Ligand SMILES: NC(=O)c1ccc[n+]([C@@H]2O[C@H](COP(=O)([O-])OP(=O)(O)OC[C@H]3O[C@@H](n4cnc5c(N)ncnc54)[C@H](OP(=O)(O)O)[C@@H]3O)[C@@H](O)[C@H]2O)c1
């Protein structure tokens, strides 16, 4: 039995992780669940899985659950280092679980990580925690489908045999739109992803392609490969989840129907393959063809901005990540246009005064600066 802590159990990834657990009841025991504001769903999950520890953000429903449960009420950092936790799944949004991720790795816990912002903002600090806890059992297992694919391609391969990582990109909701059409698109249109069902922030980031930039930076920290050896390839069908090119010219890819439950299961059952088939079977004869092409960087400037910030290897990626959190929230609230997200990110990258440091406080300060920068621009109507 693997004893699991799931941070963000009420979100898109968290709920799918519980689906995986339901299919493999002899392999997993849920010992800790943490949510943000959806204490109602957390309550239902607690009734089903009877965890020993719980957390939700304070509020009416959370207070009621806390009063009703016999489970220990613990902040995320304390929850992940519990003795009875064997594996932590980080499926929260934003930076809610950055300190807990660092605490878990330092304590020698394996961490399956879906959350991007933790690595994009805190990459140097997370890697330092991984180095500190590795001897105790600390490891990072990717959950994002692209990184899971690369991870699986790398199993059994020597690190110095890797030439290039290729992240595939569906192209998001607006892959067939002309640049002029993008000015008027709505949040509802941007939220209609062509191949994946995900939470709102990542879906908007997929529509701007900023998400692919975040993924490239995430790959840099997960696999310790410089950003100039990570390339992006448009692949509309999201069947080839990503690829690795080796120094002898061999290319390995991992394929599957687009369904997050498979990479989640791979991360939870590693180093074994789980007995359940959580995603629909891939039928290539029925699919007939798969298509590939280059990404239109002009139509999607947010991608280039993210990559430029990542290449600098300083606080720029943190600042841009914060700026994007804020810009996406303003877009979802109807305060700015879709195309203004990219413009605000470009302004934030220009205005940021970077520091070359891996210090967590400096990285978090840069992230907070990015949010404030965008908030002030939007409030002033300058964008
Ligand atoms: N969805 C996908 O298919 C997918 C794929 C690859 C990577 N990712 C990455 O995985 C992460 C999660 O994505 P998602 O789509 O699952 O997001 P989501 O649906 O928005 O879920 C976010 C989760 O985080 C919880 N949360 C927010 N603030 C919290 C706090 N302060 N303390 C504890 N929990 C908190 C939310 O709780 P409440 O709902 O209770 O507020 C919810 O459970 C993101 O970084 C995303 O980029 C997602």
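Residue numbers (this note's numbering): 61 to 443. All C-beta atoms, glycine included, are put in the ideal place defined by N, C-alpha and C. Small disclaimer: the values here were computed from a predicted structure and weren't measured.
Could you pull out every residue in the same chain whose Cβ sits closer than 6 angstroms to the Cβ of residue i, ignoring the five residues on either side in sequence?
i, result
"residue 359", "239"
"residue 221", "306 and 307"
"residue 426", "375, 378 and 379"
"residue 152", "67, 68 and 175"
"residue 103", "125"
"residue 164", "140, 148 and 171"
"residue 434", "383, 386, 387 and 404"
"residue 297", "350"
"residue 416", "374"
"residue 101", "70"
Suppose the cutoff is 7 angstroms on Cβ atoms and the five residues either side in sequence are ignored; what does the same chain contact list for residue i look like?
i, result
"residue 330", "201"
"residue 300", "228, 313, 315 and 350"
"residue 391", "247, 264, 398 and 401"
"residue 294", "229, 231, 352, 353, 354 and 355"
"residue 418", "184, 185 and 188"
"residue 258", "72"
"residue 420", "182 and 185"
"residue 414", "372, 374, 375 and 376"
With a cut-off of 8 angstroms on the beta carbons, I'd call residue i and residue j a contact; round off their distance for me.
i, j, result
"residue 76", "residue 397", "The Cβ separation is near 32 angstroms, so there is no contact."
"residue 247", "residue 370", "The pair is not a contact, with the Cβ atoms about 26 angstroms apart (cut-off 8 angstroms)."
"residue 146", "residue 82", "Residue 146 to residue 82, Cβ: 18 angstroms. No contact."
"residue 111", "residue 84", "The Cβ separation is near 17 angstroms, so there is no contact."
"residue 208", "residue 326", "6 angstroms"
"residue 166", "residue 192", "5 angstroms"
"residue 210", "residue 304", "6 angstroms"
Are residue i and residue j closer than 8 angstroms when you measure CB to CB?
i, j, result
"residue 168", "residue 198", "yes"
"residue 229", "residue 292", "yes"
"residue 150", "residue 67", "yes"
"residue 328", "residue 362", "no"
"residue 206", "residue 302", "yes"
"residue 318", "residue 226", "no"
"residue 273", "residue 367", "yes"
"residue 70", "residue 106", "no"
"residue 289", "residue 372", "no"
"residue 250", "residue 140", "no"
"residue 344", "residue 181", "no"
"residue 80", "residue 338", "yes"
"residue 282", "residue 179", "yes"
"residue 122", "residue 99", "yes"
Any idea if residue i is buried or exposed, counting beta-carbon neighbours within 10 angstroms, 16 or more meaning buried?
i, result
"residue 88", "buried"
"residue 215", "exposed"
"residue 196", "exposed"
"residue 442", "exposed"
"residue 212", "buried"
"residue 96", "buried"
"residue 74", "buried"
"residue 473", "Nothing about residue 473 can be read from this structure; the chain reaches only from 61 to 443."
"residue 157", "buried"
"residue 108", "exposed"
"residue 217", "exposed"
"residue 177", "buried"
"residue 280", "buried"
"residue 311", "exposed"
"residue 393", "exposed"
"residue 244", "exposed"
"residue 267", "buried"
Looking at ligand 3, does it come within less than 7 angstroms of residue i, judged from the CB to the closest heavy atom?
i, result
"residue 152", "Among the ligands present in this structure, namely ligand 1, ligand 3 is not found."
Short of 8 angstroms in beta carbon distance, which residues of its chain neighbour residue i, apart from the five on each side in sequence? Order them along the chain.
i, result
"residue 430", "378, 379, 380, 381, 382, 383, 384, 385, 386, 408 and 412"
"residue 159", "136 and 137"
"residue 365", "270, 273, 380, 402, 405, 406 and 409"
"residue 91", "63, 64, 65, 111, 112, 113, 142, 144 and 145"
"residue 437", "404, 407 and 443"
"residue 235", "254, 294 and 296"
"residue 428", "382"
"residue 342", "299, 315, 316 and 317"
"residue 190", "165, 198, 199 and 200"
"residue 219", "284"
Of all the CB atoms in chain D, is at least one closer than 8 angstroms to the CB of residue i?
i, result
"residue 255", "Of the protein chains in the structure, only one exists, and it is not chain D."
Check whether the segment 184-196 and the segment 263-278 touch, using three or more Cβ-Cβ pairs below 8 angstroms as the test.
no
When you compare the segment 130-137 with the segment 112-119, are there three or more beta-carbon pairs, one atom per stretch, that lie closer than 8 angstroms?
yes
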